[in-house]
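J.: Numbering-wise (the numbering used here), the sequence shown opens with residue 2 and increments by one. Just so it is clear, CB atoms sit at the ideal spot from N, CA and C, and this is done for glycine as well. Bear in mind the structure is a predicted one, so any value in this text is a computation, not a measurement.
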Amino acid sequence: MAPRIGVVTFPGSLDDHDALRAVRIAGAEAVALWHGSDSLDGVDAVVLPGGFSYGDYLRCGAIARFAPVMDEVVRAAGAGMPVLGICNGFQILCEAHLLPGALIRNDVRTFVCRDQGLRVESVDTTWTSRFEVGQEIEIVLKNGEGGFVADAETVARLEGEGRVVFRYTGANPNGSVNDIAGICNERGNVVGLMPHPEHNVDPLTGPSLDGRPIFASVLDFLGAHV
Ligand SMILES: NC(=O)CC[C@H](N)C(=O)O
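#1: CB-CB under 6 Å to Asp180, same chain, minus the five flanking residues each way: which ones, in chain order?
#2: What residue range does the beta strand (DSSP E) around Cys114 cover?
#3: In whole angstroms, give me the CA-to-CA distance for Val121 and Phe132.
#4: Compare the C-alpha of Arg106 against each of Met195, Asp211 and Val219 and name the closest.
#5: Measuring only the C-alpha atoms, how far is Ser130 from Phe53?
#6: Assuming contact is defined by CB atoms lying nearer than 8 Å, are Val75 and Val47 in contact in what I supplied?
#7: Does the Cβ-Cβ distance between Glu162 and Glu187 come in under 8 Å?
#8: Taking the straight line between their C-alpha atoms, what separation do you get for Asp57 and Gly90?
#9: Would you report the Cα separation of Pro69 and Ser38, rounded to the nearest angstrom?
#10: Should Glu154 go down as buried or exposed, given a rule of 16 or more other Cβ atoms within 10 Å for buried?
#11: What I want to know is whether the C-beta of Gln92 ends up closer than 7 Å to one or more non-hydrogen atoms of ligand 1.
#12: Distance, Cα to Cα, Phe11 vs Trp128?
#13: Looking at Asp116 and Val141, is the spacing between their C-beta atoms short of 8 Å?
#14: Within its chain, find whatever has a CB closer than 6 Å to the CB of Phe222; leave out the 5 residues flanking it on each side and keep chain order.
#15: Would you say Phe53 touches ligand 1, meaning its beta carbon is less than 7 Å from a heavy atom?
#16: Restricting to runs no shorter than 3 residues, where is the beta strand (DSSP E) found entirely within the stretch 62 to 92?
#17: Nearest CA to the CA of Gln253: which residue from Arg60, Val113 and Met82?
#18: Consult DSSP for Tyr58 and reduce its assignment to one of helix, strand or coil.
#19: The beta strand (DSSP E) that contains Val141, what's its start and end?
#20: Asn144: which of Ala23, Ala151, Leu205 and Gly62 sits nearest, CA to CA?
#21: Going by DSSP in three states, Phe167 sits in which element: helix, strand or coil?
#22: Kindly list the residues whose CB is nearer than 6 Å to the CB of Glu73, restricted to its own chain and excluding five residues on each side of it in sequence; keep chain order.
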């Protein structure tokens, strides 16, 4: 039986359908989950998609973090379930304290939308095992609040423990400390990144298929563990 991967829709989610599609393209069963639910419907992994949950009011992800479904996401993440937060999903993971640090307004003070070069820094996560360390990839970046910040001690710990998963290449697009584009938790089952791998899975829309290994990696993991 194919692993079941859930994608949570919050009011204001934008990229939930693309995430569901990316999951299907990878070969998993895609399960739509709802923010108001207190159940993860027995899924094997969860994606928090991009968008503008609750209209980005207060701060991106600050209200979504209190959605009923998040209690289950936090519990499942603690039990080792793979959880991926894409852009607004990354912001929600930080607000929920599943990942450290915060995402603040881009230093350029404008929304940034472009194809972004990234370097894969860690393949020791549930979502990146299919990449090579140092691999250069291209993934869509589109957000207004993508600047990753954390206190110096936290940044040093992330760097020292190999928990920086992706780094921007070329000019830093948003002021993220150390060019950080994505990080993981200590166990490597929770990953958050600002770029959108779910938009880079189809040759029709391109420009690359570099998002595919993210979803293939978790399928490898689930194939071995479910
Ligand atoms: N693409 C997104 O998920 C955007 C996230 C958030 N609304 C921002 O602008 O930063």
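T.: Let me lay it out:
#1: By the criterion of a C-beta distance shorter than 6 Å, Asp180 is surrounded in its chain by Arg168, Tyr169 and Asn173, once the five residues flanking it on both sides are discounted.
#2: Unbroken beta strand (DSSP E) run through Cys114: Val113 to Val121.
#3: Approximately 7 Å between the Cα atoms of the pair.
#4: Closest option to Arg106, Cα to Cα, is Met195.
#5: Annotation: Ser130 to Phe53 spans about 29 Å, alpha carbon to alpha carbon.
#6: Taking 8 Å as the cut-off, the beta carbon of Val75 is found no closer than this to the beta carbon of Val47.
#7: For the 8 Å CB-CB criterion, Glu162 and Glu187 form a contact.
#8: Roughly 12 Å between the two C-alpha positions.
#9: Distance between Pro69 and Ser38, taken at the CA atoms: about 6 Å.
#10: With fewer than 16 Cβ atoms within 10 Å of its Cβ, Glu154 is classed as exposed.
#11: Gln92: yes, Cβ under 7 Å from ligand 1.
#12: Straight-line Cα distance between these residues: approximately 22 Å.
#13: Remark: C-beta atoms of Val141 and Asp116 approach each other more closely than 8 Å.
#14: Cβ within range, chain order: Thr127.
#15: Flag set: Cβ of Phe53 near ligand 1.
#16: Correct list: 84 to 87.
#17: Residue 253 lies beyond the range of the chain shown here (2 to 227); nothing can be said about it.
#18: DSSP places Tyr58 outside both helix and strand once states are collapsed to three, so it counts as coil.
#19: First-last of the beta strand (DSSP E) with Val141: Glu137 to Asn144.
#20: Considering only alpha carbons, the answer is Gly62.
#21: Under the three-state reduction of DSSP output, Phe167 falls in the strand class.
#22: Closer than 6 Å at the Cβ level, and outside the excluded window around Glu73, lie Leu41.
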